[in-house]
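Written out below as C-alpha cells is the structure these notes cover.
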Amino acid sequence: MAKILVVEDDVQFNQILQVILKQHGHEVTTAMEPNEAYDQMYDHRFDLVLSDIMMPNVDGYEFAQTIRHTDPALPILFITARDDIASKEKGFNSGIDDYMVKPINFEGLILRVNALLRRSQINQDNVLTIGNLTLDAEAVSAMIAGSEVNVTVREFNILYKLLSYPNHAFSRAELINEFWDLDGDTNLRAVDVYLSKLRDKFAAANGFELKTVHGLGYKAVLK
C-alpha cells in the first residue's frame, strides 16, 4: 500500500481520484490546492503526488519545483486539461515524472501509478540503525532501544540527513534550503532551534552526537 497525495481543485474529480486509488489498495490524502498540500507534507510522508496544473494561489509548476527542492526522489504525476507541448515541456522541466491529459482513462492511471511506484523503489529498505537508534524512513518513525520517540516530519528528515552523512558538516543555509523551502522567509536560527530539540529528544541515543560546527552549521559524529 502506497501513500498518495492528490492535489486537485475540482471537488468532484478530486473525490473520483480518491475513490479509484483507494479501490486499488492505496492510502489517499487529498488537498484542494498546493498551500493545503504543503501542510499535509509537513505532517506526513508520501510515496507519490498527483497534481493538477491550474490551481488557485500556486500553480502546479511552482508546486512541483518546491517538492523537488525538498524531496528529489518523490514521484510527481500531473493530471491536467492542458494538452499542448509547451505545458508538457514546462511540467517535465519543473521536475515531474509523468503527465496525463484530462479526460483520463482510469485503468491507464493505475498502470502509470504502479509504474511510478515501482521506479521509486518504495519497498527498498530505508531503515537506518546507529547504536540503539533505529530510523525508519518509510514509516517516519524513530526508536531508541525499542521505544518510539515522537518526532515531526521535519525533525525526522533533518536527523536522517545528518546521520546518513556522518562527519559531514551541513551549513544552516543548506538545511534551510532543503527542509524549509516551503516556508519562504525562514531565519537561519530556526535550524538551531530544531537541533536543540533533536539533542533533547535523542539524548538517550548512544551511537552518535550532534555537534555544532562553529561558523557553519552542524554534523553528526558516530561514537
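For the sequence shown, counting from 1, position 201 maps to 201 in the UniProt record's numbering; every step adds exactly one.
Cβ atoms here follow ideal geometry from the backbone N, Cα and C, with glycine treated the same way.
Beta carbon of residue i, beta carbon of residue j: below 9 Å?
{"i": "residue 99", "j": "residue 170", "result": "no"}
{"i": "residue 146", "j": "residue 223", "result": "no"}
{"i": "residue 198", "j": "residue 113", "result": "no"}
{"i": "residue 111", "j": "residue 162", "result": "no"}
{"i": "residue 220", "j": "residue 157", "result": "no"}
{"i": "residue 101", "j": "residue 80", "result": "yes"}
{"i": "residue 33", "j": "residue 1", "result": "no"}
{"i": "residue 133", "j": "residue 206", "result": "yes"}
{"i": "residue 40", "j": "residue 5", "result": "yes"}
{"i": "residue 126", "j": "residue 115", "result": "no"}
{"i": "residue 82", "j": "residue 97", "result": "no"}
{"i": "residue 155", "j": "residue 90", "result": "no"}
What's the gap between the Cα of residue i and the Cα of residue j?
{"i": "residue 117", "j": "residue 75", "result": "8 Å"}
{"i": "residue 177", "j": "residue 128", "result": "23 Å"}
{"i": "residue 29", "j": "residue 92", "result": "24 Å"}
{"i": "residue 84", "j": "residue 203", "result": "55 Å"}
{"i": "residue 189", "j": "residue 214", "result": "13 Å"}
{"i": "residue 164", "j": "residue 103", "result": "43 Å"}
{"i": "residue 67", "j": "residue 194", "result": "21 Å"}
{"i": "residue 139", "j": "residue 10", "result": "30 Å"}
{"i": "residue 18", "j": "residue 60", "result": "19 Å"}
{"i": "residue 160", "j": "residue 179", "result": "12 Å"}
{"i": "residue 187", "j": "residue 144", "result": "31 Å"}
Which residues in the same chain as residue i place their Cβ atom closer than 7 Å to its Cβ, once the five residues preceding and following it in sequence are excluded?
{"i": "residue 216", "result": "169 and 171"}
{"i": "residue 65", "result": "94 and 95"}
{"i": "residue 26", "result": "1, 2 and 4"}
{"i": "residue 212", "result": "218"}
Excluding the 5 residues preceding and the 5 following residue i in the sequence, name in chain order all residues of the same chain whose CB lies nearer than 6 Å to its CB.
{"i": "residue 142", "result": "135, 149 and 151"}
{"i": "residue 8", "result": "14 and 52"}
{"i": "residue 191", "result": "172 and 175"}
Restricting to Cα atoms, I'd like to know which of the options is closest to residue i.
{"i": "residue 58", "options": "111, 195, 68 and 37", "result": "37"}
{"i": "residue 46", "options": "23, 25 and 71", "result": "71"}
{"i": "residue 108", "options": "196, 24 and 173", "result": "24"}
{"i": "residue 87", "options": "180, 153, 68 and 62", "result": "62"}
{"i": "residue 12", "options": "27, 3, 31 and 26", "result": "31"}
{"i": "residue 69", "options": "212, 174, 194 and 201", "result": "174"}
{"i": "residue 105", "options": "144, 16, 153 and 155", "result": "16"}
{"i": "residue 43", "options": "200, 180, 187 and 153", "result": "153"}
State the start and end residues of the unbroken beta strand (DSSP E) segment that holds residue i.
{"i": "residue 76", "result": "76 to 80"}
{"i": "residue 4", "result": "3 to 7"}
{"i": "residue 13", "result": "Not the beta strand (DSSP E): residue 13 falls in the alpha helix (DSSP H), residues 11 to 23."}
{"i": "residue 141", "result": "141 to 144"}
{"i": "residue 108", "result": "Residue 108 -> not in any beta strand (DSSP E); alpha helix (DSSP H) instead, spanning 106 to 120."}
{"i": "residue 222", "result": "217 to 222"}
{"i": "residue 48", "result": "48 to 51"}
{"i": "residue 210", "result": "208 to 213"}
Just reading off the alpha helix (DSSP H) that residue i is part of, what are its end residues?
{"i": "residue 94", "result": "No alpha helix (DSSP H) contains residue 94, which DSSP labels as neither H nor E."}
{"i": "residue 31", "result": "Where residue 31 is concerned, there is no enclosing alpha helix (DSSP H), although the beta strand (DSSP E) it sits in stretches over 27 to 31."}
{"i": "residue 155", "result": "153 to 164"}
To which residues of the same chain is residue i closer than 8 Å at the C-beta, ignoring the five residues directly before and after it?
{"i": "residue 122", "result": "With a pLDDT of 48 at residue 122, under the threshold of 50, the modelled position of this residue cannot be trusted; read the value that follows with caution. Counting only Cβ-Cβ distances below 8 Å, and skipping sequence neighbours, we find 2, 47 and 138."}
{"i": "residue 208", "result": "130, 131, 133, 163, 166, 220, 221, 222 and 223"}
{"i": "residue 73", "result": "120"}
Does the ligand PLP have a heavy atom nearer than 8 Å to the CB of residue i?
{"i": "residue 199", "result": "The ligand PLP is not part of the structure shown, which contains no ligands of any sort."}
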